Amino acid sequence: MDFVLLVFFLLLGACGAFILDDVALPQYYKYGKSLVLVGGALAENNSEIYNAIIEMSGGRGVAKIGIINAASLDPVGGYQYYRDVFLKYGALEANRIPIDVNHTSANADPKVVSLIRQQTGFFFGGGDQQRVIDTLYTQTPQGRMESPALAALRERFNLGAVISGTSAGTECQPNKLMINNGMSWEALRYGVHTTYSEDHPDYLVYNPSGGLGFLDGFIIDAHFSERGREGRLAVLLDETRRQFHISRGFGVDENTALVVTHAESDAITGKVIGQSGVVFIDVTHAHHDPHSIYYSISNVLFHYLTNGDQIGLRNLNISFSPRKTPMRGHENYDHALTSDDIFYGKHRNSDHKPEFTRAATSVFDSRLDTSTYGDTYESHPTFRVILTRMSHSVGFVERKSSFHTDLTSYENLVVSIAERK
């Protein structure tokens, strides 16, 4: 009888441990399933973003951050950098999840899976997002299959462990398709492709099998305004929406994050933190002219959110930070700005707004103009981008020392792109 009781209590203990693994983490009740998606070039002194990741991983002295540096050519060196930063900001642990394209067998290692299940949050470093996919999926004759490591990551995400990343670590997170490569002018001139060619390194390339699947319903881009990627994201959305039924995407600027809470629910919300902004592009009602020799699209909606702004990711309802004031009736200039290189970004150390951002925000800061334009620097053809402020368009601003440092946001900017005649 004593032996039977001993077995019973051992089984009960084992069951209790199993149930404990399935208990939601404390942060789940505040944030639900959550992500912190950084646009790249994350500065070590960006305490707002690092503190957000730690807070959403359980808080200072509690957070256990699993660092997945599979996108990098130097996974170990990159891990050491992020480990030191997370520990500096108060994480209890910052552990390397030892999987990358050179160690794909580790994605089924029980020790690695167990390590993943001990973390309260995860951070994906930058590099090449396809390496992350090649690391966390296994290829079979029936197609790619989720590895045990990815399954464990999904289990932790479902229990409230935040998924965060920067650059490629952000771009690898969507479900149905993942952007891989490309420049805006090349996207407009040559369309979209599903395979990379060294003969055409700037072609727009995407993975039709998608990314890791932690955020559904959007295409995600990074290094956005700084590399003039507005054109490439608009083209990719328009060219693929009929196949994938995704008509919305967002691009995150450098040293900036979109904090997503309550993912996979009607309450899903995105909030912008960090230095610059996040562009939301909606081609739901866009018109693509099939008779044009070169790419031609009109009625694309752009929204640009900066620090403190929020957006409902189901209904796209936007609320601007209370620090900002409406621009209508308080414009600083008579006329909007034009550009002869509309997809030019900016140098790392410049405080000037990138060209698209500069032209777009100037429309809302103009007393007399309701539209402006920018041309591509590249020719044969030269594309013209027309930016129009409609009656339902609004701009908000937190005034700083100059136009370039003003923290400007806007909603419902109507964009058209076509060959310049």
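In mature numbering (1 follows the signal peptide of the UniProt record, and there is no 0), the protein residues as written are -17 to -1, 1 to 404. Idealized CB from N, CA, C, for every residue including glycine. Note that the coordinates shown come from a computational prediction; the quantities given were computed from them, not determined experimentally.
Counting along the chain, the unbroken beta strand (DSSP E) around VAL243 starts and ends at 239 to 244. Assignment of ALA342 by DSSP, reduced to helix, strand and coil, places it in the helix class.
With contact defined as three or more Cβ pairs closer than 8 Å, the region 74 to 89 and the region 43 to 54 are in contact. With distances taken between CA atoms, SER354 lies nearest to ARG341 out of ARG341, HIS271 and GLU361.
Going by beta carbons, VAL346 and ARG372 fall inside the 8 Å limit. Between ALA151 and ASN90, the C-beta spacing is not below 8 Å.
When beta bridges are read from the DSSP output, SER399 appears opposite ILE369. Its chain contains PHE233 and HIS286 as the residues whose beta carbon lies nearer than 6 Å to that of PHE263, once the 5 sequence neighbours on both sides are disregarded; these appear in chain order.
Residue pairing for SER281: DSSP places it in a beta bridge opposite HIS270. Under the DSSP definition of a beta bridge, GLU129 partners with TYR120. Taking the Cα of ALA401 as reference, the smallest distance to any Cα among ARG100, GLN293, ARG79 and GLY357 is reached at GLY357. Between the alpha carbons of TYR33 and VAL377 lies a gap of roughly 31 Å. PRO337 and ILE202 have their C-alpha atoms roughly 22 Å apart. Contact annotation: THR177 and PRO191 have beta-carbon atoms nearer than 8 Å. Excluding its 5 nearest sequence neighbours in each direction, ASP334 has C-beta neighbours in its own chain below 7 Å: HIS387 and THR388, listed in chain order.
Bounds of the beta strand (DSSP E) holding LYS47 are 47 to 51. Here the alpha carbon of PHE69 sits roughly 9 Å from the alpha carbon of LEU75. Not a single unbroken stretch of the alpha helix (DSSP H) spanning 4 or more residues falls wholly within the region 169 to 211. Among the bridge pairs identified by DSSP, ARG79 is matched with ILE50. Put simply, the region 139 to 146 touches the region 89 to 107. At least three CB pairs are less than 8 Å apart. The residues GLY22, GLY23, SER150, THR153, GLU154 and VAL235, in chain order, have a CB closer than 6 Å to that of ALA205 in the same chain once the five nearest residues on each side in sequence are set aside. Separation of the CB atoms of ALA246 and SER17 is rounded to 6 Å, and the pair is thereby assigned contact status at 8 Å.
In this structure, DSSP gives GLY152 a helical state, which the three-state scheme calls helix.
Per DSSP, reduced to three states, the secondary structure at ASN164 is strand.
When C-alpha distances from TYR278 are compared across ASN290, VAL175 and ASP182, the shortest belongs to VAL175. Scanning THR244, GLU129, ASP348 and ILE229 for the CA closest to the CA of TYR14 turns up THR244. The three-state secondary structure of LEU219, taken from DSSP, is helix. Residue pairing from DSSP places THR252 in a beta bridge opposite THR244 and GLY295. Around the beta carbon of ARG403, fewer than 16 other beta carbons sit within 10 angstroms, so the residue counts as exposed.
Rounded to the nearest angstrom, the gap between the Cα atoms of GLY165 and LEU241 is 22 Å. The shortest CA-to-CA distance from ILE37 to any of TYR62, TYR179, ALA77 and TRP168 is the one to ALA77. Boundaries of the alpha helix (DSSP H) around TYR65: 58 to 71. In this structure, the straight-line span from the alpha carbon of TYR316 to that of VAL283 is close to 26 Å. GLY253 sits away from TYR327, with the two beta carbons spaced by 8 Å or more. Comparing C-alpha distances from VAL188 to each of GLU361, ASN163 and THR359 shows the shortest one belongs to ASN163.
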